[in-house]
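Undergrad: Chains as they are written, first to last, in our numbering: chain A, -14 to 271; chain B, 2 to 164.
We treat Cβ as the ideally placed atom computed from N, Cα and C, and that holds for glycine.
Have a look at this one.
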């Protein structure tokens, strides 16, 4: 189908874009990469009165490592992340996950900020935001605020962004060199949204697990941290029994839904299998 | 009706201009306003890949871009792939390896493969299969498409020469 009618704005500054969103009082949508918004408009699932195209605003696409933080501009395309040596070095989990985000011709257009603000429950980037304990920067008429991952992702396609706020930047703490990361995902075809996925970040000291971070995609209304499973690893270490116990806890924690791609029970099963695989891969000393 | 927008852009090296509603999809603008019907429209929601073109040198799906977004852009469509009436080596390989049956997905296959091979000029079969997972072929001719891309890549490496 074709989109319903809308007013089209392509402002040259962030302030102008925010003013347009405020003026339309929730009836306007910001357009970043458009790889989720345009399909929804073509289906007329969303029929915004106005589109505020962010692609003409300079200075929103960058990847910068400063101190222990990696800052990624909201309009940075997935392909830039995919080929970035900074990301490969500082955020290996993101480097691995970005290759699982849709297909090549989607990654050329899709953006970091757009994917997070869309908050598809099966998307990889919200899972990465959770696992790496990232935060987003949002700017609105009242100024700027930072929102932590857990406070940002509120539910199915829902974030804590206000209708007149624009996500401008994503910040991740650089992953320490001794940490190991893994993403395990199951989908029908490579490039499809995950039926289930688990990301793991493990820091070990000998046989002790100093820090474990586990997060999900596809197995609930929003990506969540698997804190109880993390606690098992941090308490009991990285032996096979502890990994299996953590994976079982992960499966018990998630609240998946059934759809045509798989039942809730199947997704719960996948959560256990993928959590165990992710931790086993991430515990390996290189 | 929303105010029409004027779009000036470069398509296959030629300056073009059009005027349309803001809601017009780039794929429809290419086909209906610029008469470039080589870009095919299948699913209209970014799944089938038939409408893939190059936007500023990178593969993108023209059914999930607005024409208005292409203001000032450089586009390349399937019409711009052959040079001087002669097939591009990748097109030649599709011809020789029977890389198409009905031909509906072929423009998308070629445009994705061209961007893919730019970054990975000597791909494995698995990498080719992953790359073309972005385009659906309902004749299920994938085997010959994979062969065609491998052969086309080899021909392109030869044409490009060392360095």
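Any Cβ of chain A within less than 7 Å of the Cβ of residue 149(B)?
TA: no
Undergrad: Specify, as a first and last residue, the run of the beta strand (DSSP E) that residue 132(A) falls within.
TA: 128 to 133
Undergrad: How is the alpha helix (DSSP H) around residue 143(B) delimited, first residue to last?
TA: Segment 143 to 161, the alpha helix (DSSP H) holding residue 143(B).
Undergrad: Kindly indicate if chain B contains any beta-carbon less than 7 Å away from that of residue 173(A).
TA: no
Undergrad: Nearest CA to the CA of residue 35(A): which residue from 120(A), -4(A), 212(A)?
TA: The alpha carbon of residue 35(A) has as its nearest neighbour, out of 120(A), -4(A), 212(A), the alpha carbon of -4(A).
Undergrad: Under a Cβ-count criterion, where at least 16 other Cβ atoms within 10 Å of its own Cβ denotes burial, should residue 150(B) be classed as buried or exposed?
TA: Only buried fits residue 150(B), as 16 or more other CB atoms lie within 10 angstroms of its CB.
Undergrad: Helix, strand or coil for residue 95(B) per DSSP?
TA: helix
Undergrad: Which residues share a DSSP beta bridge with residue 36(A)?
TA: -7(A), 14(A).
Undergrad: Give me the chain B residues within the contact set of residue 251(A), using Cβ-Cβ distance strictly less than 9 Å, ordered along the chain.
TA: Chain B residues near residue 251(A): none, gap ~22 Å exceeds 9 Å.
Undergrad: Within a Cβ cutoff of 7 Å, which residues of the same chain sit near residue 128(B), ignoring the five residues on either side of it in sequence?
TA: 121
Undergrad: Ignore the nearest five residues each way along the sequence and tell me which others in residue 39(B)'s own chain have a CB closer than 8 Å to its CB.
TA: Here the set comprises 78, 79, 80, 108.
Undergrad: Nearest by alpha-carbon distance to residue 91(A): which of 61(B), 116(B), 134(B), 84(B) is it?
TA: 61(B)
Undergrad: Which first and last residues belong to the alpha helix (DSSP H) in which residue 117(B) is found?
TA: 107 to 120
Undergrad: Quick one: complete alpha helix (DSSP H) runs, 4+ long, within the stretch 43 to 115 of chain A?
TA: Listed in chain order, the complete alpha helix (DSSP H) runs (minimum 4 residues) inside the stretch 43 to 115 of chain A are 63 to 67, 70 to 75, 77 to 83, 89 to 92, 97 to 103.
Undergrad: Is there a Cβ of chain B sitting closer than 7 Å to that of residue 24(A), yes or no?
TA: yes
Undergrad: Can you give me the C-alpha to C-alpha distance between residue 127(A) and residue 70(A), rounded to a whole angstrom?
TA: In a straight line, the C-alpha of residue 127(A) is about 35 Å away from that of residue 70(A).
Undergrad: Quick one: what does DSSP say residue 193(A) is sitting in, helix, strand or coil?
TA: strand
Undergrad: Helix, strand or coil: which one does DSSP assign to residue 214(A)?
TA: Secondary structure at residue 214(A): helix, using DSSP grouped into helix, strand and coil.
Undergrad: Using the rule of at least 16 other Cβ atoms within 10 Å of the residue's Cβ for burial, across every protein chain shown, is residue 50(B) buried or exposed?
TA: buried
Undergrad: Evaluate residue 164(B) with the Cβ neighbour count: other Cβ atoms within 10 Å of its Cβ, from every protein chain shown; 16 or more gives buried, anything less gives exposed.
TA: At residue 164(B) the pLDDT is 47, less than 50, meaning the model places this residue with poor confidence and gives no usable figure here.
Undergrad: Can you round the beta-carbon distance between residue 206(A) and residue 141(A) to whole angstroms, since I take them to be within the 8 Å contact cut?
TA: 4 Å
Undergrad: Which value, in whole angstroms, describes the spacing of the CA atoms of residue 157(A) and residue 114(A)?
TA: A straight line joining the alpha-carbon of residue 157(A) with that of residue 114(A) spans about 8 Å.
Undergrad: So, with DSSP's three-state summary, where would you put residue 7(B)?
TA: strand
Undergrad: List the residues of chain B whose Cβ lies closer than 7 Å to the Cβ of residue -9(A), in chain order.
TA: 3, 23, 24
Undergrad: Whole angstroms is fine: what's the gap from residue 106(B)'s alpha carbon to residue 63(B)'s?
TA: 14 Å
Undergrad: Answer yes or no: does any C-beta atom of chain A fall closer than 7 Å to that of residue 62(B)?
TA: Interface residue, yes.
Undergrad: Quick one: is residue 20(B) buried, meaning 16 or more other Cβ sit within 10 Å of its Cβ, or exposed?
TA: exposed
Undergrad: Straight-line CA distance for residue 78(A) to residue 85(A)?
TA: 11 Å
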